[in-house]
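**Student:**
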Amino acid sequence: MIDLRLLRENPDLVRASQRARRESESAVDELLAADEERRASLRRFESLRAEQKQLSGRIPKATGDEKATLLTRTKELAAEVKAAESAATEAEQRLRRAHLVVSNVVEEGAPAGGEDDYVVLREVGERSQIDKPRDHQELGEGIGAIDVERGAKVSGSRFYYLTGPGALLQLGLLQLAIQQAGDAGFTPVIPPVLVKPEAMEGTGFLGAHASEVYRLEADDLYLVGTSEVPLAAYHSGEILDLDEPRRYAGWSSCFRREAGSYGKDVRGILRVHQFDKVEMFVFCRPEEAHDEHLRLLAWEEEMLAKVDVPYRVIDVAAGDLGSSAVRKYDCEAWLPSQGRYRELTSTSNCTTFQARRLNIRYRNADGKPQIAATLNGTLATTRWIVAILEHHQQPDGSVRVPKALQPFLGGRDVLEPITRQG
RNA sequence: GGAGGCUUCGCCUAGUUCGGUCUAUGGCGCCGCACUGCUAAUGCGGUUGGGGUCUAAAGCCCCUCCCGGGUUCGAAUCCCGGAGCCUCCGCCA
18 MIDLRLLREN PDLVRASQRA RRESESAVDE LLAADEERRA SLRRFESLRA EQKQLSGRIP
78 KATGDEKATL LTRTKELAAE VKAAESAATE AEQRLRRAHL VVSNVVEEGA PAGGEDDYVV
138 LREVGERSQI DKPRDHQELG EGIGAIDVER GAKVSGSRFY YLTGPGALLQ LGLLQLAIQQ
198 AGDAGFTPVI PPVLVKPEAM EGTGFLGAHA SEVYRLEADD LYLVGTSEVP LAAYHSGEIL
258 DLDEPRRYAG WSSCFRREAG SYGKDVRGIL RVHQFDKVEM FVFCRPEEAH DEHLRLLAWE
318 EEMLAKVDVP YRVIDVAAGD LGSSAVRKYD CEAWLPSQGR YRELTSTSNC TTFQARRLNI
378 RYRNADGKPQ IAATLNGTLA TTRWIVAILE HHQQPDGSVR VPKALQPFLG GRDVLEPITR
438 QG
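Per my numbering, the first sequence starts with residue 18, numbered consecutively.
So this is what it looks like as structure tokens:
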């Protein structure tokens, strides 16, 4: 949800943002109208209610004709108040619906346009030059790290087992991420991965992403696609002390239906229904959000340096931001088997958009509650294993282990292919 | 899954029998002042929160006794639905 005060004062800014996103501008008009209607209906309700309370209060002491008159009048008023209240409630709902449709106002400097209109900010590291590179599935199977076949047998396509060095790689990666985040002042969190509809709705995942989400019918709970959901909802309805940003690092499994991705990335574990992730999540004051966003990106790059894979940083275009972000930076690793870059991290500045839905506030200098800002960024995921295997592969099918991960693999610096025992 | 109890202004708590005087009691904490030649004790005063109105302050208005409905001129209080917490029983990795 965007800031209505901003909209009233500067509707053109919001319209320009909608254009950059290639989204509807008429939604802005509807939101303005709904806002106006809500304010008027609320004012009417409040004045009627005040009169009703005043007259009702006089009834116990009144007698005779005065009492009869008061009773007649208050009875009328009761009906009017009721009507005004339901009108106000309706106006509230209309406003909310209109509010949900309008995306966050993109940050100045964000590229306009769609998916392909990103801007490459920088490339880091040498692209791997490998003759006839093996892909991560072949490598992973070779060293006994990934078992896609049995994953499919037990759970279906896009499921997998991580075994031996694969399991250790993942645990090491996540542990390394949690350690780094902890050192940077993040509070490590292991959140619930099943959440109520409110949490899902509040973070905006029941809108355009609804078909991506697993739902447990019998219990009316959802499996989260990212720990962003339980982390954002963690402080819902609260007023926080945000003299310093509050930083959390969530470690969780993530579940995605991948409903719209038939035929895409079917090989290996690049795109799967279940993976693990360490996610950074920050609550801060809106004026600090821009700087914090750049810090999140820096932390992601710090983590990428530890696994020593080449990557580039892109500034995602407005039309590809998702409704809640005002700016998004992705780090994409070079995959030699595909000859292209693939997303490993993504960091979004959501400003007050999520916090307004979840009613997360802080007190400003005057002690007045204000809507907080939220940001998120990836610190490590199962997908990182793909990039690590492919980039650090050697001609014999073995894989070098980045120094930072070696302690988690029993000190090994190379993972050798094993002879398959079936 | 079954039975019962509970949920009040930061925390604890009175109030719910019998609807209006609840504009919610008291304690703790917190803030201010006074006093003692020190931040301790004591005394006095203040303190629910949120939204709106307003240039601002003051003031005023609405909402707020877990949430949502209902009854009523009027609901913390009565009725219905829901959530959470606790206890007991059953079942079970």
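Beta carbons: idealized from backbone N, C-alpha and C, even for Gly. Computed from a predicted model, the values in this text were never measured in an experiment.
Take aspartate 148 and list the residues in its own chain whose beta-carbon comes closer than 7 Å to its own, dropping the five residues that flank it on each side.
**Tutor:** none
**Student:** Is it the case that the Cβ atoms of glycine 126 and aspartate 337 are separated by a distance below 8 Å?
**Tutor:** Contact flag unset, no.
**Student:** For the alpha helix (DSSP H) containing aspartate 82, name the first residue and the last one.
**Tutor:** 81–118
**Student:** Residues in its own chain within less than 8 Å of glycine 224 by CB, not counting five upstream and five downstream?
**Tutor:** If we look at glycine 224 and ignore the five residues flanking it on each side, its Cβ neighbours are Leu117 and Ser340.
**Student:** Closest to alanine 129 by CA distance: which of His408, Arg344 and Ile388 is it?
**Tutor:** Arg344
**Student:** Who pairs with asparagine 393 in a beta bridge, going by DSSP?
**Tutor:** Phe298 and Ser365
**Student:** Quick one: using the 10 Å Cβ neighbour count with 16 as the cut-off for buried, is alanine 249 buried or exposed?
**Tutor:** buried
**Student:** My guess is that alanine 390 and arginine 302 are in contact by the Cβ rule of under 8 Å, so how many angstroms apart are they, rounded?
**Tutor:** Contact flag correct, Cβ pair sits at about 7 Å.
**Student:** From what residue to what residue does the alpha helix (DSSP H) around glycine 74 run?
**Tutor:** 43–75
**Student:** Closest by CA to arginine 417, which one among Asp430, Gly142 and Ala100?
**Tutor:** Asp430
**Student:** Go to serine 354, then tell me how far its alpha helix (DSSP H) extends in each direction, as first and last residue.
**Tutor:** Counting along the chain, serine 354 falls outside any alpha helix (DSSP H), and DSSP gives it neither H nor E.
**Student:** For alanine 37, which of helix, strand or coil comes out of DSSP?
**Tutor:** Three-state DSSP puts alanine 37 in a helix.
**Student:** What is the rounded straight-line gap between the Cα of glutamine 197 and the Cα of methionine 320?
**Tutor:** 8 Å
**Student:** Leaving aside the five residues before and after arginine 167 along the sequence, list all residues of the same chain whose C-beta is less than 7 Å from its C-beta, in chain order.
**Tutor:** Tyr178
**Student:** Would you grab the beta carbon distance between leucine 72 and alanine 101 for me? Rounded to a whole angstrom, and I think it's under 8 Å.
**Tutor:** Actually they do not touch by this definition, with Cβ atoms about 16 Å apart.
**Student:** Are the CB atoms of lysine 70 and isoleucine 76 nearer to each other than 8 Å?
**Tutor:** no
**Student:** Per DSSP, arginine 263 forms a beta bridge with which residues?
**Tutor:** Phe300
**Student:** If we ignore side chains and look at the alpha-carbon of each, how far apart do glycine 439 and leucine 185 end up?
**Tutor:** The pLDDT assigned to glycine 439 is 47, lower than 50, so where the model puts this residue is not dependable; a value taken from the coordinates is nonetheless given after this. Near 21 Å, if we compare the C-alpha coordinates of leucine 185 and glycine 439.
**Student:** Jot down the residue ranges of each uninterrupted beta strand (DSSP E) in the region 162–222, minimum 3 residues, whole runs only, in chain order.
**Tutor:** 204–206
**Student:** Looking only at its chain, what residues have a beta carbon closer than 7 Å to the beta carbon of leucine 191, apart from the 5 residues adjacent to it on each side?
**Tutor:** Within the same chain, Cβ atoms closer than 7 Å to the Cβ of leucine 191 are found at Trp268, Asp293, Val295 and Ala397, the five residues on either side in sequence being excluded.
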